[in-house]
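In order, the protein sequences belong to chains A and B.
Every number in my numbering is 32 more than the matching position in the first sequence, counting from 1.
Every number in my numbering is 32 more than the matching position in the second sequence, counting from 1.
For every residue, glycine included, the Cβ atom is placed at its ideal position computed from N, Cα and C.
There are 2 protein chains.
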Amino acid sequence: MTGRLFVIGLGPGDLALLTGEAQAALDQCTDLFGYLPYIERLPERPGARRHASDNREELDRARAALALAAEGASVGVVSGGDPGVFAMASAVFEAIETGPAAWRALEVTVIPGISAMLAAAARVGAPLGHDFAVVSLSDNLKPWPLVLARLGAAFEHLRAILPGETPVVFATAVTRPDERVEIVTLAEAEATRADMRTMVLIGTAETRRIPRGEGLRDWLYAPRSSGVGRASA
Amino acid sequence: MTGRLFVIGLGPGDLALLTGEAQAALDQCTDLFGYLPYIERLPERPGARRHASDNREELDRARAALALAAEGASVGVVSGGDPGVFAMASAVFEAIETGPAAWRALEVTVIPGISAMLAAAARVGAPLGHDFAVVSLSDNLKPWPLVLARLGAAFEHLRAILPGETPVVFATAVTRPDERVEIVTLAEAEATRADMRTMVLIGTAETRRIPRGEGLRDWLYAPRSSGVGRASA
Chain A
33 MTGRLFVIGL GPGDLALLTG EAQAALDQCT DLFGYLPYIE RLPERPGARR
83 HASDNREELD RARAALALAA EGASVGVVSG GDPGVFAMAS AVFEAIETGP
133 AAWRALEVTV IPGISAMLAA AARVGAPLGH DFAVVSLSDN LKPWPLVLAR
183 LGAAFEHLRA ILPGETPVVF ATAVTRPDER VEIVTLAEAE ATRADMRTMV
233 LIGTAETRRI PRGEGLRDWL YAPRSSGVGR ASA
Chain B
33 MTGRLFVIGL GPGDLALLTG EAQAALDQCT DLFGYLPYIE RLPERPGARR
83 HASDNREELD RARAALALAA EGASVGVVSG GDPGVFAMAS AVFEAIETGP
133 AAWRALEVTV IPGISAMLAA AARVGAPLGH DFAVVSLSDN LKPWPLVLAR
183 LGAAFEHLRA ILPGETPVVF ATAVTRPDER VEIVTLAEAE ATRADMRTMV
233 LIGTAETRRI PRGEGLRDWL YAPRSSGVGR ASA
């Protein structure tokens, strides 16, 4: 008897951003594994056991989920955002590669989710409308002060090559009750505005900013016709 | 009286990848604008007029949608994948910036969707598990032969700096009935395998490939601990 493993993207926070496919997978799992705050977003369901763990135990969590699936269970590993972007899916496949050979034959389905990057971009317009690069700010495998120092160094570097008024977005806890979205300029951007729940979107010299007046947040967008447009998230 | 404009991401194809938020927006629109194949994915609904147009008329479509919203309608502009990634949201904001001042006060909501990039990555494992860059292969504003020539040049350049066995994924029409996903090596990658519905994911020297044996597609993943990992999509 062979079980199944679903690696399920829950999206950035608000469950309205869950897909139908993710919900269908959640509904058929007998066991759910995940970082406690992600597991807690989901309503409890009779017949579905919940295995919550600390965020730093990704590989152990993946191995426990795979072992249970190999016994025949329908197992879900839940992840915030998209499970493939700096999240649980890599840990699951690392566990498969380094685990028992039988795990390679398991049916594993990665179910994409709305990444924080896409949700944050949507809040301010369309800053990812042209080519962009995505860099992890996770402190999962390195200390947060090092992440902040690198972000600060990136701002310094970019100030030397981009106009001071280039927009920079700090989008924290997007779609969650304590969401906070600020648009500043590159000249005034400070790394310490970010915490672990923050997406930092850095525009380019071609990013457009549309002023909207008192009480309305400006819109940002990258023109599709950008010649050399590039945004980092 | 003020209307609303929703820019709605439909995801890569299969409507199971639609979010609840996107469905709720679709349900309340009196008018839907979009490229004909996207509009046709949606079931018809009494009370919702459908305005389908050609894919090359993005700005005109955005202006027509905004004009109707400014008259008080609840208007949806639908987009494949995520509307912010090389899609309709940029056109909407360009139309706002260059249109009547009153459009700046309109309530515009961008509703993210599962991008083809995320769906394609999920099919093969977790190739975007570490830092990556995203480059548009759209022929919307340039001829397709030029796009292919650039992709071929990129392969040539990467062959000079990456191992020949670096994996390259051609993922076409993901989640649609004619989905086709192939993993090849950088040494054998040919740009002509791609068409306009293809995501090309190029691994790095650190991308791992897990052989699974006869009849099962290999898994790819980027280790989260990658020092300099980088994948392009």
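Since I believe residue j is in contact with residue i (beta carbons under 8 angstroms), could you give me their beta-carbon distance rounded to a whole number of angstroms?
| i | j | result |
| --- | --- | --- |
| A254 of chain A | A203 of chain A | Not confirmed; about 16 angstroms, so no contact. |
| P115 of chain A | G184 of chain A | With a Cβ gap of about 29 angstroms, P115 of chain A and G184 of chain A do not count as contacting. |
| G45 of chain A | A205 of chain A | 7 angstroms |
| F125 of chain A | I242 of chain B | 6 angstroms |
| S147 of chain B | V117 of chain B | 5 angstroms |
| L138 of chain B | L98 of chain B | 7 angstroms |
| E76 of chain A | I143 of chain A | Actually they are not in contact, since the Cβ atoms of E76 of chain A and I143 of chain A sit about 20 angstroms apart, beyond 8 angstroms. |
| F164 of chain B | V166 of chain A | 5 angstroms |
| R240 of chain A | E129 of chain B | 6 angstroms |
| I215 of chain A | V156 of chain A | 6 angstroms |
Going along chain A, which residues have a C-beta under 8 angstroms from residue i?
| i | result |
| --- | --- |
| H189 of chain B | Near H189 of chain B there are no residues of chain A at all, since even the closest Cβ is about 16 angstroms away, more than 8 angstroms. |
| L74 of chain B | Neighbours of L74 of chain B on chain A: none; closest Cβ ~14 angstroms, over 8 angstroms. |
| W176 of chain B | Chain A residues near W176 of chain B: none, gap ~16 angstroms exceeds 8 angstroms. |
| R244 of chain B | R136 and A137 |
Tell me the DSSP bridge mates of residue i?
| i | result |
| --- | --- |
| R240 of chain A | A:Y253 |
| D63 of chain B | B:R81 and B:V107 |
| L37 of chain B | B:V107 and B:V140 |
| T204 of chain A | A:R212 and A:T230 |
| F118 of chain B | F118 of chain B pairs with nothing; no bridge assigned. |
Name the residue from the options whose alpha carbon lies nearest to the alpha carbon of residue i.
| i | options | result |
| --- | --- | --- |
| D63 of chain A | A:V109, A:V232 and A:A158 | A:V109 |
| R182 of chain B | B:V39, B:P195, B:A105 and B:S168 | B:S168 |
| P195 of chain B | B:W176, B:T217 and B:R212 | B:T217 |
| S111 of chain A | A:R77, A:L47 and A:T236 | A:L47 |
| R136 of chain B | B:M120, B:A101, B:E188 and B:P144 | B:A101 |
| T5 of chain A | A:A186, A:P69 and A:P209 | Coverage of chain A is limited to positions 33 through 265, which leaves residue 5 of chain A absent and any answer about it impossible. |
| E18 of chain B | B:R81, B:A221, B:A133 and B:A121 | Since the first and last residues shown for chain B are 33 and 265, residue 18 of chain B lies out of range. |
| K174 of chain A | B:G161, B:R256 and B:G79 | B:R256 |
| T236 of chain A | A:G245, A:L160, A:R88 and A:L98 | A:L160 |
| Y67 of chain A | A:G113, A:A99, A:A54 and A:A56 | A:G113 |
| A123 of chain B | B:R95, B:T141, B:E246 and B:E76 | B:R95 |
| Y70 of chain A | A:A56, A:M120 and A:G247 | A:M120 |
| W176 of chain B | B:P78, B:T230, B:G131 and B:R212 | B:T230 |
| R249 of chain B | A:H162, A:T141, A:L248 and A:A226 | A:T141 |
Near residue i, what residues of its chain come up, given a Cβ to Cβ distance below 6 angstroms and the 5 sequence neighbours on each side ignored?
| i | result |
| --- | --- |
| S266 of chain B | Only positions 33 to 265 of chain B appear in this structure, which leaves residue 266 of chain B out of reach. |
| A158 of chain A | Y253 |
Suppose the cutoff is 7 angstroms on Cβ atoms and the five residues either side in sequence are ignored; what does the same chain contact list for residue i look like?
| i | result |
| --- | --- |
| D171 of chain B | V179 and M228 |
| C61 of chain B | F38, A80, S106, V107 and G108 |
Leaving out five residues on either side along the sequence, give the residues of the same chain with a beta carbon under 8 angstroms from the beta carbon of residue i.
| i | result |
| --- | --- |
| R191 of chain A | L218 and A219 |
| D210 of chain B | T204 |
Quick one: which chain B residues come within Cβ less than 9 angstroms of residue i?
| i | result |
| --- | --- |
| V117 of chain A | L150, A153, A158, L160, G161 and F164 |
Give the interface partners of residue i over in chain A, defined as CB-CB distance under 7 angstroms, in chain order.
| i | result |
| --- | --- |
| S147 of chain B | L150 |
In chain B, which residues lie less than 7 angstroms from residue i when you measure between Cβ atoms?
| i | result |
| --- | --- |
| S266 of chain A | The displayed coordinates of chain A run from 33 to 265. Any statement about residue 266 of chain A would go beyond what the structure contains. |
Check whether the Cβ of residue i sits closer than 8 angstroms to any heavy atom of the ligand COA, and report yes or no.
| i | result |
| --- | --- |
| P255 of chain B | Among the components modelled here there is no ligand, and therefore nothing to report on the ligand COA. |
Kindly list, in the order they appear in chain A, the residues whose Cβ is closer than 9 angstroms to that of residue i.
| i | result |
| --- | --- |
| P199 of chain B | Under the 9 angstroms cutoff, chain A gives no residues; its nearest Cβ is about 13 angstroms from P199 of chain B. |
Strictly below 8 angstroms CB to CB, what residues from chain B border residue i?
| i | result |
| --- | --- |
| P132 of chain A | Near P132 of chain A there are no residues of chain B at all, since even the closest Cβ is about 13 angstroms away, more than 8 angstroms. |
| R240 of chain A | F125, E126 and E129 |
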